[in-house]
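Please read the structure below before turning to the comments.
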Amino acid sequence: MKSRQDQWLLNQLRGCTFDDFLVPPGWGKAKSRKGISLISRFSEHVSLNVPVVSANMDTITGARMAIAFAREGGIGIIHRYLGIGDQCKKVEEVKRKESSVIENPRSISKGSTIGEARKIMEREKIGCLVVINDSGKLLGLLSSRDVRFASDDQLVAERMKSEKDLITASPDVSFSKARQILDRNRLEKLPLVDKDRKLVGLITSKDIENLGLYPLANKDTNGRLVVGAAVGATGDYIERTAELIKIGADVLIMDIANFQSDVGLEAVKNLRSKFPEAELVVGNIVDPDAVKVYQDLGVNGLKIGLGPGSACTTRFNTNIGVPQAQAIYDCARVSDVPIIADGGIKRDGHIASALLLGAESVMVGGLIAGTDETPGLVFRDSTGRKAKIFRGMASREAMYERLRAEEVDDPYETSSKLSPEGLEKKIEYKGSVIPIIREIAGHLASTVSYLGGMSLQEAREIFMKNPRKHLVKLSLAAQKESWDR
Ligand code: XMP
Numbered sequence: 004m005k006s007r008q009d010q011w012l013l014n015q016l017r018g019c020t021f022d023d024f025l026v027p028p029g030w031g032k033a034k035s036r037k038g039i040s041l042i043s044r045f046s047e048h049v050s051l052n053v054p055v056v057s058a059n060m061d062t063i064t065g066a067r068m069a070i071a072f073a074r075e076g077g078i079g080i081i082h083r084y085l086g087i088g089d090q091c092k093k094v095e096e097v098k099r100k101e102s103s104v105i106e107n108p109r110s111i112s113k114g115s116t117i118g119e120a121r122k123i124m125e126r127e128k129i130g131c132l133v134v135i136n137d138s139g140k141l142l143g144l145l146s147s148r149d150v151r152f153a154s155d156d157q158l159v160a161e162r163m164k165s166e167k168d169l170i171t172a173s174p175d176v177s178f179s180k181a182r183q184i185l186d187r188n189r190l191e192k193l194p195l196v197d198k199d200r201k202l203v204g205l206i207t208s209k210d211i212e213n214l215g216l217y218p219l220a221n222k223d224t225n226g227r228l229v230v231g232a233a234v235g236a237t238g239d240y241i242e243r244t245a246e247l248i249k250i251g252a253d254v255l256i257m258d259i260a261n262f263q264s265d266v267g268l269e270a271v272k273n274l275r276s277k278f279p280e281a282e283l284v285v286g287n288i289v290d291p292d293a294v295k296v297y298q299d300l301g302v303n304g305l306k307i308g309l310g311p312g313s314a315c316t317t318r319f320n321t322n323i324g325v326p327q328a329q330a331i332y333d334c335a336r337v338s339d340v341p342i343i344a345d346g347g348i349k350r351d352g353h354i355a356s357a358l359l360l361g362a363e364s365v366m367v368g369g370l371i372a373g374t375d376e377t378p379g380l381v382f383r384d385s386t387g388r389k390a391k392i393f394r395g396m397a398s399r400e401a402m403y404e405r406l407r408a409e410e411v412d413d414p415y416e417t418s419s420k421l422s423p424e425g426l427e428k429k430i431e432y433k434g435s436v437i438p439i440i441r442e443i444a445g446h447l448a449s450t451v452s453y454l455g456g457m458s459l460q461e462a463r464e465i466f467m468k469n470p471r472k473h474l475v476k477l478s479l480a481a482q483k484e485s486w487d488r
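Have a look at this one:
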């Protein structure tokens, strides 16, 4: 952008956030919203089909939310407020949920018992095990139907469907051919075997069906859903990172309240020296000088925001913060790596503004709180309405929970002495998150189309080329006209 325009935009945005502005349209050329691309990036090497990210909070993103976001084209970030093994299990659950070809299907030997098979199926939430011998040859398939009425001490060999009754395919079978085979034979699973009958993979009818159900699904090169995982900057973060990488997390998000700190700096240096290839996003920061510091250390993305979150009280309690629209532009204009706008999204229009101002994706917490896919139970409040709990990670309740998990002697007493910077809230139950994400994508496509683009990237260019035309600061009356509903 020309520097005078850049200066003008900086001045306009100073001290302001999303509700302070509207975006006058350009000249629309899209015939329908269907052809509009929302392709973007979460980090340098992790792309998105829809630029939304679920927040790494313990009342927002576990495996279920991460699966939903990846299926809809975004990405979910599994929170870090749990043991390393438990966090890895959640990452694994996402990675195993669907794939074009399952390369290492869960297997069992024919001499194992049905009780053992049942345990694996329950623990890993899978409905089928392949039976192989010591050299990896396929011997049979054991599905949940085969074990339903079997006793625990029966052997797998007695209940499995044996190899001679199975239909298999070679490893290079195409998807359309695999689909034909599954359909023609009314099968659920198609094992792939090499010329020596060794098992090399498994294709499931569910995965093929999902290709049609979730056309925007965000997948890795092996056709598995993409997922991120959060780590801290102190304590077990190196060990956690090693395990998360091993289990297949696509990107690590080193996340602390204030990454503009020696703690953040040291942690990045340490992590980078041990895992030079890891895809690493760090945050949160709000200062362009910090952008330069971290991008020089080779991070692959930066998370921006200080205190805009819907469950945050940092600004209230410390008077520290930067209005989110200002922070996004300040950082995006100097960044060579993707910017994630984190916090303060109250409606879909805020997402559009964050993306036009230079963010490549937007992280949401409160917007999707109370949905089915969030961890935690649905309960009825005193008025009889269904609700779920949502809380800031620096709330007293979250601190208490963490101390309890760490088996601190008196978690209640200890947490009551800490100064919280977050709130716990009761959120009205919202049903599934899927329609919420789809509506966001629809609204974003409309923003792009109003501006006269065919892609998010093009819309941002139109906006940045002429910000004086496409950004208007609102009077209080205009804000009332726009936002009071
Ligand atoms: P939204 O507005 O989407 O924001 O709910 C989600 C983001 O809020 C941040 N976060 C916190 N910030 N105290 C804070 O100051 C907290 O307790 C807290 N918990 C979460 C975080 O960046 C998240 O992604």
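At position 127 of the sequence shown the residue is numbered 130 (our numbering), and the sequence of numbers has no breaks.
Beta carbons are placed, not taken as given, at the ideal position from N, Cα and C, and that holds for glycine.
None of the values given here were measured: they were computed from a predicted structure.
Here the alpha carbons of Ala181 and Gly86 stand approximately 39 Å from one another.
In the three-state reduction of the DSSP assignment, Val302 falls in the coil class, being assigned neither a helical nor a strand state.
Runs of the alpha helix (DSSP H) lying entirely within the stretch 109-153, each at least 4 residues long, are 117-127, 147-150 in chain order. Take Ile392, set aside five residues on each side of it, and the residues of its chain with a beta-carbon closer than 7 Å to its own are Thr62, Gly379, Glu427, Lys429, in chain order. Cα atoms of Ser478 and Phe24: separation of roughly 9 Å, rounded to the nearest angstrom. Using a 10 angstroms sphere on the CB of Gln90, the tally of other CB atoms reaches 16 or more, which defines it as buried. Closest in C-alpha terms to Val302, from the list Pro27, Gly29, Arg463, Glu47, comes Glu47.
The beta-carbon distance between Leu421 and Pro414, rounded to whole angstroms, is 11 Å. This is too long to meet the 8 Å contact definition. Secondary structure note for Thr417: its alpha helix (DSSP H) is the uninterrupted segment 414-420. A distance criterion of 7 Å places the beta-carbon of Ala69 beyond contact range of the ligand XMP, judged by its closest non-hydrogen atom. When C-alpha distances from Arg189 are compared across Glu376, Leu169, Ile354, Ser6, the shortest belongs to Leu169.
The beta carbons of Thr374 and Ile439 sit closer together than 8 Å. Set against 7 Å, the gap from the CB of Asn287 to the closest heavy atom of the ligand XMP is smaller. Secondary-structure assignment with DSSP links Ile343 through a beta bridge to Lys306, Ser364. Taking a contact to require three or more Cβ pairs closer than 8 Å, the stretch 145-159 and the stretch 113-124 qualify as touching. When C-beta atoms of the stretch 325-340 are compared with those of the stretch 62-78, fewer than three pairs fall below 8 Å, so the two segments do not count as touching. In the displayed model, Phe178 falls within a helix according to three-state DSSP. Check the Cα spacing between Ala462 and each of Ser6, Ile184, Ser43, Ala220: the tightest is with Ser43. Under a 10 Å Cβ-count criterion, Val56 is classified as buried, with 16 or more other Cβ atoms of the shown protein chains found around its own Cβ. In this structure, the straight-line span from the alpha carbon of Ala372 to that of Pro174 is close to 42 Å. Asp487 counts as exposed, since fewer than 16 other C-beta atoms from the protein chains shown sit within 10 angstroms of its C-beta. Every beta strand (DSSP E) of 3 residues or more that sits fully in the stretch 251-316 is shown, in chain order, as 254-258, 283-288, 304-307. One alpha carbon belongs to Phe319, the other to Pro279, and they sit about 38 Å apart. The secondary-structure analysis by DSSP pairs Thr207 across a beta bridge with Lys192. Taking each of Arg200, Leu185, Val203, Ala232 in turn and checking the Cα distance to Asp210, the smallest one comes out for Leu185. Out of Phe152, Ala448, Gln460, Lys128, the CA that lies nearest to the CA of Lys37 is found in Ala448. Take Met60, set aside five residues on each side of it, and the residues of its chain with a beta-carbon closer than 7 Å to its own are His82, Gly368, Met396, in chain order. Annotated three-state conformation of Gly79 is strand, per DSSP. Not one heavy atom of the ligand XMP falls within 7 Å of the beta-carbon of Pro54. Within its own chain, the residues whose Cβ lies closer than 6 Å to the Cβ of Ala220, once the five positions on either side in sequence are excluded, are Arg74, listed in chain order. The C-alpha of Gly456 is placed about 33 Å away from the C-alpha of Ser102. With a threshold of 7 Å, the Cβ atom of Pro438 does not count as near the ligand XMP, since no heavy atom of the ligand is closer than that.
Non-local beta-carbon contacts of Ser458 in its own chain, meaning distances under 6 Å to residues more than five positions away in sequence, involve Ser40 in chain order. If you check the CB distance, Gly308 and Ala330 come in under 8 Å. The beta carbons of Ile343 and Met366 sit closer together than 8 Å. In this structure, the beta-carbon distance from Val133 to Ala252 does not fall below 8 Å.
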